[in-house]
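Residue numbers (my numbering), protein chains in the order written: chain D, 274 to 387; chain C, 21 to 891. Note that CB positions come from ideal geometry on N, CA and C, so glycine has one too. As the structure is a computational prediction, the values presented were derived from the model and not from experiment. See below for the structure under consideration.
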């Protein structure tokens with residue numbers, strides 16, 4: 274599976290969104306809230322980045338959308354993962370883990386060296 | 021999108037409200053945190069419309085390509101315009117003749133029934149007798165309604181306020197328009213009691229007993245004669261001097277199976293059926309029928325054949341030498357134009373394919389020079405698919421531009437050849453660039469753009485970005501794969517071109533054979549015209565003889581006239597056939613049919629028909645003396661195989677009590693049907709003995725025949741002021757009109773062939789010009805290393821001839837296909853006629869070689885030093 278050459282930040286956001294949706298369909302606000310909660314308030318997604326990312330991934334066929342009703346009976350657009358999205362999410366997670374391991378190693382080595 | 025954002029903001033606001041803010045504050049805070057909604061919307065929008073933006077960019081790039089290279093653009097657009105335009109025009113013609121509906125309701129339920137003679141293969145679509153129509157009507161069960169009609173439009177003189185005008189009339193049974201399912205635009209259709217005695221119709225109006233009969237006006241006649249004035253209904257008109265009343269006007273789109281007619285009259289066939297001779301011995305009617313619902317064409321055809329078998333049994337003396345056939349009306353009206361039209365469409369398609377191959381090769385070489393541009397874009401992140409899409413869009417833009425120009429070209433062409441077309445196409449065909457044609461043309465343009473764009477698009481995908489960016493100088497040389505692709509494209513063009521040339525050549529040779537074959541008479545410098553002697557003023561046979569004599573004398577006296585004759589019709593347009601019974605044959609037998617015409621003494625001399633035996637007509641023929649006839653060679657051979665025709669006697673026509681006719685002479689055969697190489701047997705009677713009211717004038721002139729039209733008209737007016745000279749034509753143009761159906765496709769295909777030849781030659785030239793240009797360095801190196809210019813030239817020449825040979829080899833398959841396609845249209849030419857095939861190959865090779873010579877010469881002129889230095 275080819276790795277798309279986005280810059281790091283964009284890629285990370287995509288990964289978070291995809292993995293969030295892997296646990297179940299959600300709307301934009303819900304995704305932002307979830308990530309905020311799970312990161313113990315450390316990560317706050319800018320809505321200005323979230324929606325473009327959602328639309329982009331929808332265009333690429335990684336997620337699909339459907340209008341539905343929330344628990345409060347409000348109308349909202351729900352996103353869910355496609356099969357392609359699931360595959361890409363796993364691949365992205367793989368790359369992220371490898372990357373973070375590599376970065377950690379370099380930093381450690383630099384620390385010890387210095 | 022608004023709703024989505026609104027929901028999000030709403031949810032945030034509620035959150036804030038939960039944590040204690042007031043409503044208004046909460047909303048404000050939520051909005052602030054959500055950021056500039058508009059910006060998000062636009063960002064979101066951008067992602068969505070990225071595709072459309074890309075497409076717009078590609079289209080703009082496409083136009084830029086054309087604008088930046090005007091020379092190439094001009095040639096490309098012109099080539100496309102020709103290729104697409106030709107197809108648009110041909111499709112419009114084919115559609116109007118073969119696809120468009122006939123102007124009748126549910127025309128696929130209509131059937132045409134023909135008669136014909138069994139001993140005459142050329143007359144398979146002939147008329148039926150009134151008795152046969154009566155019997156078919158009585159015995160059939162497949163048809164809801166049947167209607168007979170005279171299959172010809174007869175010229176008649178219409179007396180208008182501005183003087184006599186020539187119009188056409190025809191007779192139909194009263195239920196004719198109902199059977200076709202046509203309702204009048206104004207007025208009413210025919211009723212039973214509108215019908216005139218059928219014998220009047222049989223005589224062509226000569227009996228003149230139809231005064232006051234109702235007529236129906238056709239739409240073109242209404243426009244032409246009455247300027248579409250509203251009050252024509254009920255108006256009296258004088259046709260051939262006899263007053264008649266207009267009761268209806270037909271809709272604009274209507275045209276009958278007999279062709280364009282001005283006035284329709286109704287006839288009743290009962291009197292003809294009651295006449296014991298005319299009932300089955302006069303074949304003069306066409307028959308159409310509307311099938312009952314649920315009955316198929318095949319069932320009806322089988323029933324007609326069955327009924328006919330019964331009729332042959334019941335009336336052997338009348339029907340044994342006749343036959344019938346039934347066809348769907350559409351097929352009957354299309355006639356034998358289907359094959360030539362399809363061949364024409366195939367040729368146009370071939371030209372378009374050649375155009376595509378040509379442009380594909382050109383674009384490939386242009387894509388080569390744009391390699392750097394594409395390499396840069398690939399490095400910046402554009403995928404191969406993206407670039408391919410751009411190239412395809414560019415080529416589609418080019419094709420659409422060419423398509424628009426092509427449609428304009430097609431419009432102009434159709435207007436220019438409309439007259440030629442109307443003579444060659446079936447009567448219901450009215451070629452126009454309507455929505456159907458435009459739709460097909462657009463699809464064609466898009467398909468063309470794709471077809472010639474796909475080659476460079478694929479080629480781009482295969483180029484190696486790295487090496488292109490890095491290595492400038494070596495990048496000038498083409499990959500062998502790309503060169504082979506271009507060479508194949510040029511070879512394909514040559515193959516298609518040679519196929520087209522062979523097809524055209526075969527049809528042209530057929531036409532040549534048809535026109536060149538001996539007619540039996542000399543048409544050059546003969547003028548023809550028709551005078552109809554109205555029954556009112558010339559009811560007495562003597563008056564008709566006198567008119568003829570005086571008129572012939574007057575015309576003979578005009579300067580520039582070599583000889584003058586009159587007859588019942590122009591040669592090759594003789595329609596009358598008579599049954600022949602030899603003296604001594606028992607009278608109950610069925611009669612074989614021969615062509616029959618009535619001619620004046622000088623007829624054979626004027627037309628230069630040779631006398632073989634005996635004599636032609638002269639003053640010995642008198643009205644009261646025994647009937648004489650002159651017969652053609654083939655008739656003599658057929659009926660008197662032992663050769664003693666002259667002096668024998670026979671009976672002409674169906675009446676066993678008619679006087680015996682003596683054969684006084686045998687003349688050379690004259691071909692009446694130009695499509696056949698043999699001549700039908702013909703019998704000539706003398707105008708001295710049968711003074712018919714139709715006078716077809718034939719004048720052999722010393723100079724230009726048309727110069728004598730005015731003097732002849734003057735002489736005619738001097739004799740009888742009310743008589744116009746009708747259907748004035750020279751015999752060569754009569755022959756030309758008869759061949760129009762065959763001539764037009766050949767003309768058009770020759771034009772296509774020339775176009776294809778030009779395109780293929782240009783293709784060869786540009787391929788080798790660019791290849792030589794690209795290999796300049798290589799040639800420079802070779803020459804520096806000691807090769808002589810001639811050797812370099814030889815190299816290029818050999819390569820070129822190699823591709824040309826490959827093209828011809830591919831073309832051999834095309835030739836086989838083409839030969840099979842045109843087989844049925846050929847006349848005295850074999851489908852693999854060696855002269856045509858060899859000639860086509862020779863022409864193509866010659867053109868391609870000439871096109872090749874220019875780059876070859878350039879190759880010899882390469883200055884080694886310059887080539888090596890250049891980058």
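Using a Cβ-Cβ cut-off of 9 Å, residue 23/C counts as an interface residue toward chain D, since at least one Cβ of chain D sits closer than that to its own. Your pair residue 419/C and residue 465/C checks out as a contact, with CB atoms roughly 5 Å apart and the cut at 8 Å.
No Cβ of chain C is located within less than 9 Å of the beta carbon of residue 297/D. Less than 9 Å divides the Cβ of residue 708/C from the Cβ of residue 643/C.
In the three-state reduction of the DSSP assignment, residue 854/C falls in the helix class, which pools H, G and I. Under DSSP, residue 175/C shares a beta bridge with 188/C. Chain-ordered listing is empty here: chain D has no CB closer than 7 Å to the CB of residue 399/C, the nearest sitting near 12 Å.
Residue 299/D is bridged by DSSP to 352/D. The DSSP-derived three-state label of residue 623/C is helix. Contact residues of the region 332-346 of chain D toward chain C are 332 (C-beta to C-beta distance below 7 Å).
Listed along chain D is no residue with a C-beta nearer than 7 Å to that of residue 501/C; the closest approach is about 26 Å. Nearest C-alpha to residue 800/C among 791/C, 812/C, 692/C and 789/C: 812/C. Taking the Cα of residue 285/C as reference, the smallest distance to any Cα among 456/C, 546/C, 631/C and 217/C is reached at 217/C. In the pairwise beta carbon analysis, the region 745-755 of chain C is classified as not touching the region 427-439 of chain C: fewer than three pairs are separated by under 8 Å. Taking all protein chains in view, the Cβ of residue 341/D is surrounded by fewer than 16 other Cβ atoms within 10 Å, so the residue is classified as exposed.
By the neighbour-count definition (other C-beta atoms within 10 Å, threshold 16), residue 432/C is an exposed residue. In this structure, the straight-line span from the alpha carbon of residue 153/C to that of residue 108/C is close to 43 Å.
Between the region 335-351 of chain C and the region 77-95 of chain C there are fewer than three C-beta pairs closer than 8 Å, too few to call the two in contact. Proximity to residue 669/C across 646/C, 311/C, 690/C and 712/C peaks at 646/C, based on C-alpha coordinates. Taken through DSSP and simplified to helix, strand or coil, residue 395/C comes out as helix.
At least 9 Å separates the beta-carbon of residue 195/C from that of residue 237/C. Here residue 357/D is not near residue 339/D, since their CB atoms are 9 Å or more apart.
Residue 537/C and residue 706/C have their C-alpha atoms spaced approximately 28 Å apart.
Of the residues 336/D, 305/D and 377/D, the one whose Cα lies closest to the Cα of residue 315/D is 305/D. Assignment of alpha helix (DSSP H) within the region 410-461 of chain C, counting only whole runs of 4 or more residues, yields 438-444 in chain order.
The continuous beta strand (DSSP E) containing residue 168/C extends over residues 163-170.
Taking CB atoms only, residue 358/D has no neighbour in chain C less than 9 Å away.
Residue contact with chain C for residue 320/D: present (Cβ-Cβ distance below 9 Å to some residue of chain C). Here the region 578-594 of chain C does not lie against the region 764-780 of chain C, with fewer than 3 beta-carbon pairs under 8 Å apart. The three-state reading of DSSP puts residue 714/C in strand, counting E and B together. In this chain, the beta strand (DSSP E) harbouring residue 263/C covers 262-269. When C-beta atoms of the region 318-333 of chain C are compared with those of the region 98-118 of chain C, fewer than three pairs fall below 8 Å, so the two segments do not count as touching.
Contact check for residue 719/C against residue 626/C passes: the beta carbons are separated by less than 9 Å. For residue 740/C, the three-state secondary structure derived from DSSP is coil. Think of a sphere of 8 Å around the beta carbon of residue 302/D: the chain C residues whose beta carbon falls inside it are 27, 28, 31 and 32, in chain order.
Sequence-distant Cβ neighbours of residue 204/C in its own chain, meaning closer than 8 Å and more than five residues away, are 197, 236, 268, 269, 270 and 271.
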